[in-house]
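Step one of this worksheet: look at the structure below.
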Amino acid sequence: MGASGHAANNHASTQQSAHEHHSGLLLLICGPSGVGKTTIVHELIRRFGGLFSISATTRQKSPQERDGVDYFFLDESTFQKWIDENRFLEHAQVFGRSWYGTPEAAVRAELAKGHMVVLDIDVQGADNVRKHMPDALAVFILPPDEHELLKRLRARGREDEAAIQRRFAESKLEIARATHGNTFDAFVVNDTLPRATDEVSAIVAARIAKRS
Ligand code: ADP
Ligand code: 5GP
464 MGASGHAANN
474 HASTQQSAHE
484 HHSGLLLLIC
494 GPSGVGKTTI
504 VHELIRRFGG
514 LFSISATTRQ
524 KSPQERDGVD
534 YFFLDESTFQ
544 KWIDENRFLE
554 HAQVFGRSWY
564 GTPEAAVRAE
574 LAKGHMVVLD
584 IDVQGADNVR
594 KHMPDALAVF
604 ILPPDEHELL
614 KRLRARGRED
624 EAAIQRRFAE
634 SKLEIARATH
644 GNTFDAFVVN
654 DTLPRATDEV
664 SAIVAARIAK
674 RS
């Protein structure tokens, strides 16, 4: 990334706080690759409605993924242009490799309508968003154990074994970073999908009830 690209950056304005209680809930779902975030988030949107924010990334698209659906897949110069145009709520280089960013306009528009918005972002992204939007609810999804996480990474069928092993090693760092920090309101173990989804749903419902 060019000179103006930082390891992590955001420009979320403080405008949000004045209107927080009239706006929708911003939900940050974090957790290691393969833990089941996407699966849980789709079920949450089915239950509560709202928007699953589509991130932009410079990483390569896998054959199973669709541009504009799973991510906006951008080349580095376009990603840099989006940074320069202040189009990101936050952006970060994840594990020193690809860049990821949350396009801000769609998030703001949906929150203004009072709808829930869900971001699937890494721990540094969640940290950055929370600094400016402290009312965001941050939930970290944990695997039941390491063996199961490795199984799920393979089940996605997205990458070769070397990439899977790299993500697996990074996952352990991400879990350590999350559990040693104070970014998260809750940790939920994704043992079985219905149980984990019910637990996250209960956390979301409690927050919505508290705000109203
Ligand atoms: P992430 O978005 O965190 O990378 P995904 O939602 O893509 O993870 O899930 C990774 C794989 O694990 C998928 O094949 C998904 O169907 C599977 N999976 C998700 N939750 C569970 C669960 N509770 N038990 C078994 N498999 C699961
Ligand atoms: P993956 O390449 O497996 O889809 O995602 C890798 C990591 O990037 C995951 O931890 C995911 O949560 C994170 N990520 C995805 N989109 C964003 C984003 O917009 N911002 C940040 N900071 N992280 C993201």
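Here the sequence shown is numbered in my numbering, starting from 464 and rising by one per residue.
In this text, a Cβ means the ideal position worked out from N, Cα and C, and glycines have one as well.
- Task: Please confirm whether any heavy atom of the ligand 5GP lies closer than 8 Å to the CB of ILE584.
- Result: The count along the sequence shown starts at 1 and reaches residue 584 at position 121. For the ligand 5GP, a non-hydrogen atom lies closer than 8 Å to the CB of ILE584.
- Message: At a cut-off of 8 Å, would you count PRO526 as near the ligand ADP, judging by its Cβ distance to the nearest heavy atom?
- Response: By one-based count along the sequence shown, residue 526 stands at place 63. False, no ligand heavy atom lies under 8 Å from that Cβ.
- Task: Using only alpha-carbon positions, find the residue among ALA555, ARG510, ARG509, ARG522 that is nearest to ASN591.
- Result: Taking the sequence shown and counting its residues from 1, the one referred to as residue 591 is at position 128. Nearest option by C-alpha distance: ALA555.
- What are the complete beta strand (DSSP E) segments, minimum 3 residues, inside the segment 519-599? 551-556, 562-566, 580-583
- Message: For the pair the segment 587-602 and the segment 617-630, tell me if three or more CB-CB distances fall below 8 Å.
- Response: no
- Run the proximity test for VAL498: is its beta-carbon closer than 8 Å to any non-hydrogen atom belonging to the ligand ADP? By 1-based counting over the sequence shown, the position of residue 498 is 35. Yes; taking the cut-off as 8 Å, the Cβ of VAL498 has a heavy atom of the ligand ADP nearer than that.
- Task: Assign HIS469 to one of three DSSP states: helix, strand, or coil.
- Result: As a working note, residue 469 is residue 6 in the sequence shown. Because HIS469 sits at a pLDDT of 36, beneath the cut-off of 50, its placement in the model cannot be relied upon, and the following sentence gives the value as read from the coordinates. Reduced to three states, the DSSP call for HIS469 is coil.
- Task: Quick one: give me the first and last residue of the beta strand (DSSP E) that PHE650 is part of.
- Result: The residue given as residue 650 occupies position 187 in the sequence shown. From DSSP, the beta strand (DSSP E) with PHE650 extends over 649-652.
- Message: Which of the three DSSP states is assigned to ILE666 in this structure?
- Response: To locate residue 666, count along the sequence shown from 1; it is residue 203. Correct three-state label for ILE666: helix.
- Write down the C-beta distance between SER486 and LEU574 rounded to the nearest angstrom, noting that I regard them as a contact closer than 8 Å. On the sequence shown, position 23 is the one that residue 486 refers to. On the sequence shown, position 111 is the one that residue 574 refers to. With 8 Å as the limit, SER486 and LEU574 qualify as a contact, their Cβ atoms being about 4 Å apart.
- Inter-residue Cα distance where the pair is PRO597 and GLY512: For the purposes of this step, residue 597 is taken as the residue at position 134 of the sequence shown. For the purposes of this step, residue 512 is taken as the residue at position 49 of the sequence shown. Cα-Cα distance, rounded: 22 Å.
- Task: Specify the secondary structure class of ILE627 as computed by DSSP and reduced to three states.
- Result: To locate residue 627, count along the sequence shown from 1; it is residue 164. DSSP places ILE627 in the helix class (H, G or I) of the three-state scheme.
- Message: Taking DSSP's pairing of strands, which residues face ALA618 in a bridge?
- Response: Position 155 of the sequence shown, counted from the start, is the residue given in the question as residue 618. BP columns for ALA618 are empty, so no partner.
- Query: Under the three-state reduction of DSSP, which class applies to LEU488: helix, strand or coil?
  - Reply: Residue 488 sits at position 25 when you count from the first residue of the sequence shown. In the structure shown, LEU488 sits in coil (DSSP, three-state: anything other than H, G, I, E or B).
- Message: Buried or exposed, going by whether 16 or more other CB atoms sit within 10 Å of the CB of SER496?
- Response: As a first step, residue 496 must be located in the sequence shown, where it is residue number 33. Under this definition SER496 is a buried residue.
- Message: Once the 5 residues before and after ARG510 are set aside, which same chain residues still bring their CB inside 7 Å of it?
- Response: Working through the sequence shown from its first residue, we reach residue 510 at position 47. Closer than 7 Å at the Cβ level, and outside the excluded window around ARG510, lie SER664.
- Closer than 8 Å: GLU567 CB and nearest the ligand 5GP heavy atom: Locating residue 567 in the sequence shown gives position 104, where the first residue counts as 1. GLU567: no, Cβ never under 8 Å from the ligand 5GP.
- Query: Can you give the Cα-Cα distance for ASN629 and LEU616, rounded to whole angstroms?
  - Reply: Reading the sequence shown from its first residue, position 166 is the one you call residue 629. Reading the sequence shown from its first residue, position 153 is the one you call residue 616. Sequence inspection shows Arg at residue 629; the Asn mentioned does not correspond to that position. One C-alpha to the other measures close to 11 Å.
- Task: Figure out for me which residue from PHE558, GLY588, ASN549 has the closest Cα to the Cα of PHE631.
- Result: Taking the sequence shown and counting its residues from 1, the one referred to as residue 631 is at position 168. Per the Cα distances, PHE558.
- Could you tell me how far apart the beta carbons of VAL581 and SER516 are, in whole angstroms, since I believe they sit closer than 8 Å? The residue you call residue 581 lines up with position 118 of the sequence shown. The residue you call residue 516 lines up with position 53 of the sequence shown. Correct: roughly 7 Å between the Cβ atoms.
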